[in-house]
Amino acid sequence: MRLYHSPGSRSTRALWTLEEIGEPYELTVIGKERREAEHRQRHPLGRVPVLELDDGSYLFESAAICLQLADLYPEAQLIPELASTERGLVYQWTVFSMSELEPKFFDLRFAERRGKDPADAKATFEPIALAVQDAVTRGGWLVGEKFTVADVMCASILARLAEFDLGPDFAELNSYVERALARPAKLRADAVDT
Ligand SMILES: N[C@@H](CCC(=O)N[C@@H](CS)C(=O)NCC(=O)O)C(=O)O
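Position one of the sequence shown corresponds to residue 38 (the numbering used here), numbered consecutively onward.
Shown next, in the form of structure tokens:
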């Protein structure tokens, strides 16, 4: 198994999932050469992350990679049983992370660069943030008391949340992100995320 990775990018999510699993993997750090023909054979848009599986096949899209890794290594318990209600919730929050959370949080993070009014970006982000907060308030993690790949996705996206003063109404959300980022597997991922 090999992860094509760029430091501090969305491929950190895959790195974190690999560290949660604890099986050996190879890392290929890739920079601007992402755009070149060789890497485009792995990812048609020349992006990271790309996971090369042991059968030589390639997988792209961070959420797909994290879900597939969780399925390949069930002993890591990053995803509940197939067809269970909890499994459905992992799909729900993983898709939510990409379709709702990431675009709106990145609009807030990069408001100026994207020519958006920070106050508008904040107002659009808040209901999405509250939805995550409401879910984690019940059991500590998005799908109850067990940490799953959905938490890897959402907490990775929200890693810079503390830089934004959302006020006391979001204290639980901040503490969820802090708790996730303090996991030993995340700290190991950070140590190799260079
Ligand atoms: N939706 C994709 C987005 C992948 C993506 O945009 N990756 C960025 C790094 S964060 C990239 O490789 N950018 C390089 C480029 O577009 O040249 C995913 O989550 O994997």
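For each residue, glycine too, the CB sits at the ideal point set by N, CA and C.
With distances taken from CA atoms, which of the options is nearest residue i?
i    : options                 : result
A101 : D171, L64, G45 and T54  : T54
S134 : E70, A172 and D91       : A172
E209 : G177, I67 and E139      : G177
V169 : F97, D154 and D206      : D206
P117 : F184, K141, V66 and G93 : F184
L104 : V132, G152, E63 and I67 : V132
V186 : F97, Y213 and L115      : L115
Count the other C-beta atoms from every protein chain shown that fall within 10 angstroms of the C-beta of residue i, then say buried if there are 16 or more, exposed otherwise.
i    : result
P86  : buried
Y95  : exposed
D188 : buried
E149 : exposed
Under three-state DSSP, which class holds residue i?
i    : result
L64  : strand
V229 : helix
R39  : strand
L104 : helix
F97  : strand
L218 : helix
L88  : strand
Assuming residue i and residue j are in contact, meaning their beta carbons sit under 8 Å apart, how far apart are those beta carbons, in whole angstroms?
i    : j    : result
M38  : D91  : 6 Å
L203 : A228 : 29 Å between Cβ atoms; not a contact.
Counting only runs of 4+ residues fully inside the segment 107–146, write out the alpha helix (DSSP H) ranges in chain order. 122–133 and 139–146
For the segment 150–191, which segments carrying the alpha helix (DSSP H) assignment without a break, of at least 4 residues, lie completely within its bounds, in sequence order? 155–176
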